[in-house]
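Asks: Just passing along the structure, written as structure tokens.
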Amino acid sequence: MSILVLAEHDNAELKAATLHTVTAAAQLGDVDILVAGSGCAAVADEAAKVPGVAKVLLADSDIYANSLAENVAALVKDLASGYGHVLAPATTSGKNIMPRVSALLDVAQISEISEVVSADTFVRPIYAGNAMATVQSSDAVKVITVRTTAFDAAEAEGGSASVETIDAGADAGKSSFVGQELTQSERPELTSARIVISGGRGMQDGSNFSMLEDIADKLGAAVGASRAAVDAGFVPNDYQVGQTGKVVAPDLYIAVGISGAIQHLAGMKDSKVIVAINKDEEAPIFQVADYGLCADLFDAVPALSAELDK
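Under my numbering, the first residue of the sequence shown is numbered 1052, with each subsequent residue one higher.
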């Protein structure tokens, strides 16, 4: 039976998280992609080029313009009977929509899988990633979110899937889009950046994050933060890396003034190389770091920036 992947997009382009989800889905069978949005035909054409995709379902309607979870979930539920598995990336959007899908289908959701064992068995992290659970499901339709950092991204070019336009469902009428405030940045997106530099409570003040932004601009990196820094109001919520924030796995992760609470480690410990800068030699972050510098960040960070200028 075919696998349905819910595409994540902004009505203009396909998000990288979808490509990671396609890799997971391809281990289960033939992959169809659902693109639900408004004026999103270009996204469907982009999805059709992904190798391994058999078909793209395009639901183009104003009621999907802002991906309101109630409307998208109802559409996915109506399509789910033709599939054995429904997958979405474990992003903010996926975590908003898929629990509603599983409730409508009266099945148990399998969250944030990191490995596909078989068609009915999956591995997922529990206890903030300190243990891995192998979960087997007997549900007729398996509703799954995918931890994107655990799967390589599928190629974006090379496929030639057909695009089929489907009818939109009715507006659930349970929510409405009021507005959004987005952080504008020319830096890479946090979850897809190859290099991430994050600051914690040790930064002492939000204005000090300019030091990290300076280094990020020189390295082409994204800027993140610990929950403590976000809760203190140093930076916006969308900077947060951790169990209750964003999960990242860049080639290089630089943790500055971050003690290494278990909640934060759950969001970044899969990074290829971890560098920690902290003046507390007992900080837990040093236990997972590949390279650790026990120094005052207000001395070390400017020195690093000066070296990058050479």
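Note that beta-carbon positions come from the ideal geometry of N, C-alpha and C, so glycine has one too.
Between which two residues does the alpha helix (DSSP H) holding E1097 run?
Replies: Along the sequence shown, one-based indexing puts residue 1097 at 46. Run containing E1097: 1092 to 1099, per the alpha helix (DSSP H) assignment.
Asks: For H1315, tell me which candidate among Q1291, G1090, E1358 has the shortest Cα-Cα distance.
Replies: Looking up residue 1315 in the sequence shown gives position 264. Residue Q1291 is the option with its Cα nearest to H1315.
Asks: Specify the secondary structure class of I1266 as computed by DSSP and reduced to three states.
Replies: Counting from 1 along the sequence shown, the entry for residue 1266 is found at position 215. Helix.
Asks: Considering F1337, what are the terminal residues of the alpha helix (DSSP H) in which it resides?
Replies: Here residue 1337 is taken as the residue at index 286 of the sequence shown, counted from 1. Per DSSP, F1337 belongs to the alpha helix (DSSP H) from 1336 to 1339.
Asks: Below 6 Å CB to CB, which residues in the same chain sit around M1319 once its five sequence neighbours on both sides are set aside?
Replies: The residue you call residue 1319 lines up with position 268 of the sequence shown. If we look at M1319 and ignore the five residues flanking it on each side, its Cβ neighbours are V1292, V1299, Y1304.
Asks: Determine the direct distance from the alpha carbon of G1133 to that of A1191, and round the result to whole angstroms.
Replies: One-based indexing of the sequence shown puts residue 1191 at position 140. One-based indexing of the sequence shown puts residue 1133 at position 82. Going from the Cα of A1191 to the Cα of G1133 covers about 11 Å.
Asks: Quick check on the burial criterion: 16 or more other C-beta atoms within 10 angstroms. Buried or exposed for Y1030?
Replies: With the chain covering 1052 to 1361 only, the question about residue 1030 has no answer from this structure.
Asks: Using the DSSP secondary-structure output, state which residues sit across from H1060 in a beta bridge.
Replies: If you number the sequence shown from 1, residue 1060 lands on position 9. According to DSSP, H1060 bridges with L1065.
Asks: Counting only runs of 4+ residues fully inside the region 1195 to 1259, write out the alpha helix (DSSP H) ranges in chain order.
Replies: If we require 4 residues or more, the region 1195 to 1259 turns out to have no alpha helix (DSSP H) run fully inside it.
Asks: For the beta strand (DSSP E) holding F1173, just list the boundary residues, first then last.
Replies: If you number the sequence shown from 1, residue 1173 lands on position 122. Unbroken beta strand (DSSP E) run through F1173: 1172 to 1177.
Asks: Pairing CB atoms from the region 1147 to 1162 with CB atoms from the region 1061 to 1068, are three or more of them under 8 Å?
Replies: Flag = no, the region 1147 to 1162 and the region 1061 to 1068 do not touch.
Asks: What did DSSP end up calling K1193 once you bin it into helix, strand or coil?
Replies: The residue you call residue 1193 lines up with position 142 of the sequence shown. Strand at K1193.
Asks: Let me confirm a value: V1324 is counted as buried when at least 16 other C-beta atoms fall within 10 Å, else exposed. Which label applies?
Replies: Position 273 of the sequence shown, counted from the start, is the residue given in the question as residue 1324. Exposed: under 16 other Cβ atoms inside 10 Å.
Asks: Quick check on the burial criterion: 16 or more other C-beta atoms within 10 angstroms. Buried or exposed for A1228?
Replies: Taking the sequence shown and counting its residues from 1, one reaches residue 1228 at position 177. According to the sequence provided, residue 1228 is Phe. The question's Ala does not apply to it. Exposed: under 16 other Cβ atoms inside 10 Å.
Asks: When you compare only the Cα positions, how much space is there between A1312 and P1335?
Replies: As a working note, residue 1312 is residue 261 in the sequence shown. As a working note, residue 1335 is residue 284 in the sequence shown. Roughly 7 Å between the two C-alpha positions.
Asks: Between which two residues does the beta strand (DSSP E) holding K1106 run?
Replies: Translated into positions along the sequence shown, residue 1106 becomes position 55. Looking at the DSSP string, the run of the beta strand (DSSP E) that includes K1106 is 1104 to 1111.
Asks: Using a Cβ-Cβ cut-off of 7 Å (strictly less than) and excluding sequence neighbours within five positions of Q1187, which residues of its own chain qualify?
Replies: Translated into positions along the sequence shown, residue 1187 becomes position 136. So the list reads D1171, T1172, once near-sequence residues are dropped.
Asks: Less than 9 Å between the beta carbons of V1107 and V1197, yes or no?
Replies: Locating residue 1107 in the sequence shown gives position 56, counting from the first residue. Locating residue 1197 in the sequence shown gives position 146, counting from the first residue. The answer is no: Cβ separation not under 9 Å.
Asks: Exposed or buried, N1329, counting other C-beta atoms within 10 Å across all chains shown (16 or more means buried)?
Replies: Locating residue 1329 in the sequence shown gives position 278, counting from the first residue. Under this definition N1329 is a buried residue.
Asks: How would you label Q1338, buried or exposed, when you count the other beta carbons within 10 angstroms and need 16 or more for buried?
Replies: Against the sequence shown, residue 1338 aligns to sequence position 287. Burial call: exposed.
Asks: May I have the straight-line CA-CA distance separating E1121 from G1220, to the nearest angstrom?
Replies: Translated into the one-based positions of the sequence shown, residue 1121 becomes position 70. Translated into the one-based positions of the sequence shown, residue 1220 becomes position 169. So the two alpha carbons sit approximately 11 Å from each other.
Asks: Please report how far the alpha carbon of E1358 lies from the alpha carbon of E1237, in whole angstroms.
Replies: One-based indexing of the sequence shown puts residue 1358 at position 307. One-based indexing of the sequence shown puts residue 1237 at position 186. For E1358 and E1237, the distance between alpha carbons rounds to 23 Å.
Asks: To the nearest angstrom, how far is it from the Cα of A1346 to the Cα of L1057?
Replies: If you number the sequence shown from 1, residue 1346 lands on position 295. If you number the sequence shown from 1, residue 1057 lands on position 6. Going by the C-alpha atoms only, they are around 46 Å apart.
Asks: Would you report the Cα separation of D1302 and A1093, rounded to the nearest angstrom?
Replies: Residue mapping note: residue 1302 aligns to position 251 of the sequence shown, counting from 1. Residue mapping note: residue 1093 aligns to position 42 of the sequence shown, counting from 1. Looking at the two C-alpha atoms, the distance is approximately 30 Å.
Asks: For Y1304, does the three-state DSSP call read helix, strand or coil?
Replies: Along the sequence shown, one-based indexing puts residue 1304 at 253. Reduced to three states, the DSSP call for Y1304 is strand.
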